[in-house]
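J.:
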Amino acid sequence: SPQVPGTSFTARSMGIDEAGDHDPDFKKESGGAMEHRPPQITEIVSGILALAARKGERIPLAMIHSIVHAMKPLEPILSGLRFSLTGDVCYSRDIDQAINTLIDSGFLKIDGRSAVVTGRAHQFWRYMAGFLTNSRIQVIHSVSLRFHDLLRRAAKSP
């Protein structure tokens, strides 16, 4: 994927290691002024799951962890994400927190072993715009597009 020459969007360059406790509650409006703070890795993962999702889309929960794990070496923005590996199963507490945040906000609902997208991506975009620049949101959106492309391809193949 093309990047701006000399620009690398990594966890460190986006300030993730320096982030404090910032639980997203994008039901509330930001109040106007942008506060420019670094995102938490769970907010980045939430953005990846949310920004390119389609309303009504079913996301198998087991696939979220494995697809994001496969993407991690290729996506510098995921460098702060940690996984536990047990055999063929990979798990990330950060991904679970992101899923729970999206459920609590009403963006996702659980149906069996899948998360179903209820819509509202525009609200998450607005929430992120309260503390990220457009270029940072675009980076997360690009990763989201790649995630959902991989997810849709994996869902089509047996």
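Residues 1231 to 1388 (our numbering) make up the sequence shown, in order. Glycine included, C-beta positions come from ideal geometry on N, C-alpha and C.
(1) Do you know how far the Cα of Gly1342 is from the Cα of Ile1307?
(2) Assign Thr1316 to one of three DSSP states: helix, strand, or coil.
(3) Let me know if Asp1324 comes out buried or exposed under the rule of 16 or more other beta-carbons within 10 Å of its beta-carbon.
(4) Which residue wins for smallest C-alpha separation from Ser1392, given the options Ser1276, Ile1271, Pro1269 and Met1293?
(5) DSSP three-state call for Ala1351: helix, strand or coil?
(6) Could you give the first and the last residue of the continuous alpha helix (DSSP H) run that contains Ile1333?
(7) Spatial neighbours of Ala1384 within its chain, please: C-beta separation below 8 Å, excluding the five flanking residues on both sides.
(8) With distances taken from CA atoms, which of Leu1315, Ile1274, Ala1300 and Ala1345 is nearest Leu1291?
(9) For Pro1303, which residues from the same chain have a beta carbon less than 8 Å from its beta carbon, with the 5 sequence-adjacent residues on both sides left out?
(10) Just verifying my parser: in three-state terms, what is the DSSP assignment at Lys1258?
(11) Run through the DSSP bridge pairs and tell me what Ser1344 is partnered with.
(12) For Leu1332, which residues of its own chain have a beta-carbon under 7 Å away from its beta-carbon, when the five flanking residues on both sides are left out?
(13) For Glu1273, which of helix, strand or coil comes out of DSSP?
T.: Let me spell this out:
(1) Taking the sequence shown and counting its residues from 1, the one referred to as residue 1307 is at position 77. Taking the sequence shown and counting its residues from 1, the one referred to as residue 1342 is at position 112. Spanning the two alpha carbons is a distance of roughly 30 Å.
(2) On the sequence shown, residue 1316 is found 86 positions in, with the first residue counted as 1. Note: Thr1316 maps to strand in three-state DSSP.
(3) The residue labelled residue 1324 in the question sits at position 94 within the sequence shown. That one is buried.
(4) Beyond the ends of the chain as shown, which are 1231 and 1388, falls residue 1392; an answer cannot be given.
(5) Position 121 of the sequence shown, counted from the start, is the residue given in the question as residue 1351. If DSSP states are grouped into helix, strand and coil, Ala1351 belongs with the helices.
(6) As a position in the sequence shown, residue 1333 is number 103, starting the count at 1. It spans Arg1323 to Asp1334 - the alpha helix (DSSP H) in which Ile1333 sits, taken as one unbroken run.
(7) Within the sequence shown, numbered from 1, the residue matching residue 1384 stands at position 154. Correct list, in chain order: Met1293 and Ile1297.
(8) Taking the first residue of the sequence shown as 1, we reach residue 1291 at position 61. Among Leu1315, Ile1274, Ala1300 and Ala1345, the Cα nearest to that of Leu1291 is on Ala1345.
(9) Walking along the sequence shown from the start, residue 1303 turns up at place 73. Closer than 8 Å at the Cβ level, and outside the excluded window around Pro1303, lies no residue.
(10) On the sequence shown, residue 1258 is found 28 positions in, with the first residue counted as 1. The predicted model places Lys1258 with a pLDDT of 44, which falls under 50 and marks its position as unreliable; any figure quoted below should be read in that light. Residue state, collapsed to three classes: coil.
(11) As a position in the sequence shown, residue 1344 is number 114, starting the count at 1. Answer by DSSP bridge pairing, in chain order: Pro1290 and Asp1341.
(12) Within the sequence shown, numbered from 1, the residue matching residue 1332 stands at position 102. Answer for Leu1332: Ser1276, Leu1279, Ala1280 and Leu1338, listed in chain order.
(13) Working through the sequence shown from its first residue, we reach residue 1273 at position 43. The answer is helix: DSSP assigns Glu1273 an H, G or I state.
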